[in-house]
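Participant:
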Amino acid sequence: MTQTKHRICPICEAGCGLKVSVENNHVIAIEKNSDDVFSEGHVCAKGLSLAQLHDDSDRLRHPLVRKNGELQPASWQEALDTINTKLAATIDAFGKSSVAIYAGNPTAHNFGLSQGLGVFAAMLGGSPVFSAGSVDQLPKQLACEFMFGNSSAVPVPDIERCDYLLMLGANPIVSNGSLWMVPKFRDRLRALQKRGGQLVTIDPRRTETARLADQHYPIQPGTDAWLLIALINELKVDGQQAGYLSTGWEILSRHLDDFDSEKCAAQCGISLDQILLMAQALRRAQRPVVYGRVGTTLQAFGTMTSFLIEVLNAVIGSLDMTGGAMFPDQPHAMPGGRKHGVDYNRFQTRVSGYPEVLGQMPAAAMAEEILTPGSGQIKAMVAFAGNPAVSHPDSDGIEAALGALDFLLCVDIYHNETSKYADVILPGTSPFEDSHYDSFLGSMGYRNAARYSPAILKREQPSEWHQCLHIAYMVNHQAVASTEQLKAFEDDLLAGLVSSYCADENSPLFNRDVQELMAMIEPDEGVERLLDLGIRAGRWGDHFGSAEGAKLTLKKVETHPNGIDLGLPEAARLADVVGHQNHKIDFAPEPIIADFSRLKSQLTTDGFKLIGRRRSQSNNSWLRNIPMLTGAKNHCALEVNHHDALQLNLSDGDEVVICGNDQTLQASVLISHDIASGVVSLPHGFSEDDNMRQARNQKGPNYNRLVPSSRIDVVSASAALNGVPVRIEKLQ
186 MTQTKHRICP ICEAGCGLKV SVENNHVIAI EKNSDDVFSE GHVCAKGLSL
236 AQLHDDSDRL RHPLVRKNGE LQPASWQEAL DTINTKLAAT IDAFGKSSVA
286 IYAGNPTAHN FGLSQGLGVF AAMLGGSPVF SAGSVDQLPK QLACEFMFGN
336 SSAVPVPDIE RCDYLLMLGA NPIVSNGSLW MVPKFRDRLR ALQKRGGQLV
386 TIDPRRTETA RLADQHYPIQ PGTDAWLLIA LINELKVDGQ QAGYLSTGWE
436 ILSRHLDDFD SEKCAAQCGI SLDQILLMAQ ALRRAQRPVV YGRVGTTLQA
486 FGTMTSFLIE VLNAVIGSLD MTGGAMFPDQ PHAMPGGRKH GVDYNRFQTR
536 VSGYPEVLGQ MPAAAMAEEI LTPGSGQIKA MVAFAGNPAV SHPDSDGIEA
586 ALGALDFLLC VDIYHNETSK YADVILPGTS PFEDSHYDSF LGSMGYRNAA
636 RYSPAILKRE QPSEWHQCLH IAYMVNHQAV ASTEQLKAFE DDLLAGLVSS
686 YCADENSPLF NRDVQELMAM IEPDEGVERL LDLGIRAGRW GDHFGSAEGA
736 KLTLKKVETH PNGIDLGLPE AARLADVVGH QNHKIDFAPE PIIADFSRLK
786 SQLTTDGFKL IGRRRSQSNN SWLRNIPMLT GAKNHCALEV NHHDALQLNL
836 SDGDEVVICG NDQTLQASVL ISHDIASGVV SLPHGFSEDD NMRQARNQKG
886 PNYNRLVPSS RIDVVSASAA LNGVPVRIEK LQ
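In terms of the numbering used here, the sequence shown is residues 186 to 917.
Here it is in structure tokens:
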């Protein structure tokens with residue numbers, strides 16, 4: 186008998202609702218869910234391909250353990266015993282700090298995995314944590330940490346009500362939003378333009394989004410800060426930023442005054458007249474807003490650029506305002522109050538002295554922290570749903586480091602370029618075998634909504650939450666847990682979390698009885714208990730019987746498979762989201778102010794600058810094995826400006842060598858009128874490893890081999906992957 190089940194797609198930040206037809210524990214069809222209150226029927230090829238992902242014969246379904254130099258199938262007991270033995274030996278010999286953690290992109294889309302990873306990290310204490318964030322969003326989160334004292338307070342455009350959207354380095358037609366959940370962006374853009382509004386894009390490449398814009402300005406890669414400073418200086422005379430409770434504005438303003446607008450224009454490649462037109466449009470608009478993404482974070486001034494975007498939003502009076510840059514709210518809440526400082530530079534990497542950012546070490550330091558002998562050397566790593574061998578700078582160096590580890594454990598659905606160095610691989614679950622709730626991204630939606638989808642297929646292996654608990658238990662007890670011991674361990678963790686809510690004077694659960702609340706949590710086991718707790722403690726929660734209004738619980742959300750619409754974001758939320766103890770926005774954090782001197786010394790270099798790009802059918806370094814997504818030709822071609830191609834005597838399809846970081850890549854040429862002269866573009870996330878079955882359908886040159894690990898945004902130490910100097914030579 187065929188059943189129709191509801192599912193939220195966990196692949197990207199659109200979070201689209203799906204209707205899935207299931208028969209005998211097998212998916213037979215997937216279609217859009219037009220009734221989903223958030224995605225409203227939007228779906229892309231990635232969501233429709235999930236059945237192929239689930240059924241992929243290359244997807245891992247059983248543990249693999251290295252024996253006699255080869256990874257071989259093993260039982261769960263053997264795999265867990267091996268992990269326990271290896272971790273215990275490493276910790277006994279070198280301490281817990283010798284075991285590092287790596288978190289890949291999918292952890293942000295998987296509630297069980299993200300929560301379980303957090304438990305494991307807590308058991309390790311101060312061990313090094315790396316993530317894909319330092320080749321993605323960490324500069325933006327750090328900028329928000331500096332300004333608002335809250336790295337999760339990431340403002341997003343109020344697309345439903347703005348009338349002028351200035352977009353830097355973002356391509357939501359392809360990405361479906363990034364640090365901004367905005368499915369159906371094309372339709373929302375049409376609605377914006379229909380009501381008389383405008384979209385203006387700033388990007389070295391005329392992207393799929395820029396082609397729909399009212400105006401597009403090509404910019405020199407990595408120079409967005411210069412443009413933003415010129416705009417702020419032109420507009421700050423209006424004085425609108427004075428309306429925010431803040432500190433440091435006079436200090437910031439003095440430093441901005443040191444920048445000449447003519448030089449700003451020359452640096453960024455956008456004329457001063459065009460900059461003045463942009464400033465005039467921002468001034469005249471009733472509800473303007475500024476937004477930037479990976480093009481602004483993956484550069485040498487990623488944190489400063491991200492910070493200046495919100496400064497500009499403040500200057501034009503759009504921060505925390507209807508139609509401007511708003512702070513959405515979500516049902517799930519974590520305990521926590523005002524802070525005594527920002528989560529930054531509380532410790533440094535031991536080799537290069539890079540700063541800690543939000544509890545993490547930059548991936549730029551990963552290889553040297555593994556390969557450099559001495560106290561604190563990383564000897565083992567647990568990698569959750571990630572592939573740093575492909576997705577991080579200096580990929581050859583990363584591979585050498587992974588191969589030098591005493592022990593590597595990977596939790597993943599595929600055997601990839603990273604896990605080929607593993608001693609043990611635990612198979613993750615498919616998107617149909619685990620529940621889904623947007624925890625990290627839920628506070629970045631274009632509108633507020635409560636949505637949850639349970640697993641729709643019976644699992645073939647333990648959930649990733651329970652896998653993480655097993656590993657965490659081993660660290661704490663140096664033993665493999667029995668079923669009863671693991672349940673008791675989970676109970677203790679839940680009790681500790683409930684205690685945190687009850688001790689938080691800002692929580693509606695403050696001073697409640699811990700055991701009383703424990704007894705009221707509805708699921709009997711699993712990560713859903715943490716989810717139920719967080720929803721009930723949140724703004725719309727039932728507060729375990731003490732709330733008025735919506736009174737949400739996980740059970741109530743689950744009874745609404747199309748989601749519960751909680752309305753558009755509300756203005757005047759700064760008092761709720763600012764985490765600084767003085768309740769004020771900080772316009773002059775010391776690391777940003779200090780970085781202005783580095784910006785002034787930025788040099789314009791000759792030669793080609795390499796930037797990335799992506800297709801809607803790809804997703805970082807995975808989904809390379811799905812037939813529905815692998816049909817495009819030249820998916821990894823080097824996009825070259827038509828004038829530059831003429832100078833280099835290149836034609837479409839010609840083979841070229843790309844040189845950088847003492848490495849060379851070979852790629853075919855795609856001649857384009859959509860990319861600025863002097864700029865070339867290559868997709869990221871691919872490799873040419875012939876041993877990886879996962880990538881057999883989509884091989885390509887690995888962009889990150891051309892980027893040295895030392896090329897970073899100094900403030901966050903995140904990788905500066907855009908604007909990389911390269912040399913192009915026609916292959917003879």
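A virtual CB, placed ideally from N, CA and C, is assigned to each residue, including glycine. Bear in mind the structure is a predicted one, so any value in this text is a computation, not a measurement.
Whose C-beta lies closer than 6 Å to the C-beta of H869 among residues of the same chain, with five residues either side of it excluded?
Facilitator: As a working note, residue 869 is residue 684 in the sequence shown. Only G797, Y888 meet the Cβ criterion.
Participant: Which residue wins for smallest C-alpha separation from F617, given the options K204, F674, M186, F492?
Facilitator: By one-based count along the sequence shown, residue 617 stands at place 432. When only C-alpha atoms are compared, the closest one is K204.
Participant: If you reduce the DSSP assignment to three classes, tell me which class A918 lands in.
Facilitator: A question about residue 918 goes unanswered here, because the residues of the chain that appear run from 186 up to 917.
Participant: Measure the Cβ-Cβ separation of T267 and V284 and say whether it is below 8 Å.
Facilitator: As a working note, residue 267 is residue 82 in the sequence shown. As a working note, residue 284 is residue 99 in the sequence shown. Result no, Cβ atoms of T267 and V284 do not sit closer than 8 Å.
Participant: Count the other CB atoms, across all protein chains shown, that sit within 10 Å of the CB of D372; report buried if there are 16 or more and exposed otherwise.
Facilitator: Along the sequence shown, read from residue 1 onward, the residue named residue 372 stands at position 187. D372 comes out exposed.
Participant: In terms of residues, what are the limits of the beta strand (DSSP E) holding I417?
Facilitator: Counting from one through the sequence shown, the residue named residue 417 turns up at place 232. Per DSSP, I417 belongs to no beta strand (DSSP E); it is in the alpha helix (DSSP H), 409-420.
Participant: Could you tell me which whole alpha helix (DSSP H) segments of length 4 or greater appear in the stretch 278-329?
Facilitator: If we require 4 residues or more, the alpha helix (DSSP H) runs fully inside the stretch 278-329 come out as 296-309.
Participant: What are the start and end residues of the alpha helix (DSSP H) that includes D240?
Facilitator: Your numbering for residue 240 matches position 55 in the sequence shown. First-last of the alpha helix (DSSP H) with D240: 235-240.
Participant: Using C-beta distances below 6 Å, list every residue in its chain close to L351, excluding the 5 sequence neighbours before and after it, in chain order.
Facilitator: Along the sequence shown, read from residue 1 onward, the residue named residue 351 stands at position 166. Only V385, V475 meet the Cβ criterion.
Participant: Report the residue from I193, V527, V359, R469 whose alpha carbon sits nearest the alpha carbon of G764.
Facilitator: Counted from its first residue, the sequence shown places residue 764 at position 579. It is V527 whose Cα lies nearest to the Cα of G764.
Participant: Any chance the stretch 738-746 sits against the stretch 715-723, with 3 or more Cβ pairs inside 8 Å?
Facilitator: With the cut-off at 8 Å, the stretch 738-746 and the stretch 715-723 touch.
Participant: Using the rule of at least 16 other Cβ atoms within 10 Å of the residue's Cβ for burial, across every protein chain shown, is V854 buried or exposed?
Facilitator: One-based indexing of the sequence shown puts residue 854 at position 669. V854 comes out buried.
Participant: Beta-carbon within less than 8 Å of A485's beta-carbon, same chain only, minus the 5 sequence neighbours each way: which residues are those?
Facilitator: Locating residue 485 in the sequence shown gives position 300, where the first residue counts as 1. So the qualifying residues of the chain are G407, Q787, R896, I897, D898, V899, A905, G908.
Participant: Alpha carbons only, please: which of H828, Q452, I414 is nearest the one belonging to H440?
Facilitator: Here residue 440 refers to the residue found at position 255 when the sequence shown is read from its first residue. Minimum Cα distance to H440 is reached at I414.
Participant: So the candidates are C347, S648, R535; which of them puts its Cα closest to the Cα of G508?
Facilitator: The sequence position of residue 508 within the sequence shown is 323, counting from 1. Here the closest residue by C-alpha is C347.
Participant: Could you tell me which uninterrupted alpha helix (DSSP H) segments, each at least 4 residues in length, are contained entirely in the stretch 751-802, listed from first to last along the chain?
Facilitator: Here the runs fully enclosed are 759-762, 775-785.
Participant: Looking at the unbroken alpha helix (DSSP H) that takes in L739, where does it start and where does it end?
Facilitator: Here the question's residue 739 lines up with position 554 in the sequence shown. Run containing L739: 739-743, per the alpha helix (DSSP H) assignment.
Participant: For F592, write down the residues that DSSP places opposite it in a beta bridge.
Facilitator: Counting from one through the sequence shown, the residue named residue 592 turns up at place 407. According to DSSP, F592 bridges with A565.
Participant: Do the CB positions of L265 and K769 come within less than 8 Å of each other?
Facilitator: Numbered from its first residue, the sequence shown carries residue 265 at position 80. Numbered from its first residue, the sequence shown carries residue 769 at position 584. No, these two residues do not count as a Cβ contact at 8 Å.
Participant: Helix, strand or coil, according to DSSP, for Y658 in the structure here?
Facilitator: Position 473 of the sequence shown, counted from the first residue, corresponds to residue 658. Correct three-state label for Y658: helix.
Participant: Which residue from P340, T488, Q405 puts its Cα closest to that of P774?
Facilitator: The residue given as residue 774 occupies position 589 in the sequence shown. Looking at the Cα atoms, T488 is the closest of the given residues.
Participant: How close, in whole Å, do the beta carbons of G297 and W650 come, if the pair is a contact with beta carbons under 8 Å?
Facilitator: Position 112 of the sequence shown, counting from 1, holds the residue named residue 297. Position 465 of the sequence shown, counting from 1, holds the residue named residue 650. Correct: roughly 3 Å between the Cβ atoms.
Participant: Nearest CA to the CA of T432: which residue from G334, D443, V479, I387?
Facilitator: To locate residue 432, count along the sequence shown from 1; it is residue 247. Measuring from the Cα of T432, the nearest candidate turns out to be G334.
Participant: List, from N- to C-terminal side, the beta strand (DSSP E) runs of 3 residues or more that fit wholly inside the stretch 616-689.
Facilitator: Within the stretch 616-689, the complete beta strand (DSSP E) runs of at least 3 residues are 633-635.
Participant: From this set, I811, I583, L364, which residue's C-alpha is nearest S628's C-alpha?
Facilitator: As a position in the sequence shown, residue 628 is number 443, starting the count at 1. For S628, the nearest C-alpha among the options comes from L364.
Participant: Consult DSSP for N356 and reduce its assignment to one of helix, strand or coil.
Facilitator: Against the sequence shown, residue 356 aligns to sequence position 171. N356 falls in the coil class under three-state DSSP.
Participant: Can you check which of these residues, L353, S360, N572, is closest to L497 by C-alpha distance?
Facilitator: Walking along the sequence shown from the start, residue 497 turns up at place 312. Closest by alpha carbon: L353.
Participant: The beta strand (DSSP E) that contains S206, what's its start and end?
Facilitator: Numbered from 1 along the sequence shown, position 21 holds the residue referred to as residue 206. Counting along the chain, the beta strand (DSSP E) containing S206 begins and ends at 202-208.
Participant: Going along the chain, which residues of its own chain have a beta-carbon closer than 6 Å to the beta-carbon of F444, five neighbours each way excluded?
Facilitator: Counting from one through the sequence shown, the residue named residue 444 turns up at place 259. Excluding residues within five positions, the ones whose Cβ falls inside 6 Å are I414.
Participant: Note down the Cα distance separating L467 from K325, rounded to an integer number of angstroms.
Facilitator: As a working note, residue 467 is residue 282 in the sequence shown. As a working note, residue 325 is residue 140 in the sequence shown. If I take the Cα positions, the gap works out to 22 Å.
Participant: Between A852 and the rest of its own chain, which residues show a CB-CB distance below 7 Å, the 5 nearest in sequence each way excluded?
Facilitator: In the sequence shown, the residue the question calls residue 852 occupies position 667. The answer, listed in chain order, is C821, A822, L823, V841, I843, L867, P886.
Participant: Closer than 7 Å by C-beta to R531: which residues in its own chain qualify, once you throw out the five before and the five after it? Chain order, please.
Facilitator: Residue mapping note: residue 531 aligns to position 346 of the sequence shown, counting from 1. Same-chain partners within the cutoff: E541.
Participant: Check whether the stretch 579-592 and the stretch 221-235 are in contact - that is, three or more C-beta pairs closer than 8 Å.
Facilitator: Contact between the stretch 579-592 and the stretch 221-235 is absent, because fewer than three Cβ pairs lie under 8 Å.
Participant: Give the straight-line distance between the Cα atoms of S576 and N253, rounded to the nearest whole angstrom.
Facilitator: By one-based count along the sequence shown, residue 576 stands at place 391. By one-based count along the sequence shown, residue 253 stands at place 68. Cα to Cα, the separation comes out at about 29 Å.
Participant: Which class does L855 belong to by DSSP, given the choice of helix, strand or coil?
Facilitator: Along the sequence shown, read from residue 1 onward, the residue named residue 855 stands at position 670. Three-state DSSP puts L855 in a strand.
Participant: Could you give the first and the last residue of the continuous beta strand (DSSP E) run that contains H191?
Facilitator: As a first step, residue 191 is located in the sequence shown; it is residue number 6 there, counting from the start. Counting along the chain, the beta strand (DSSP E) containing H191 begins and ends at 188-193.
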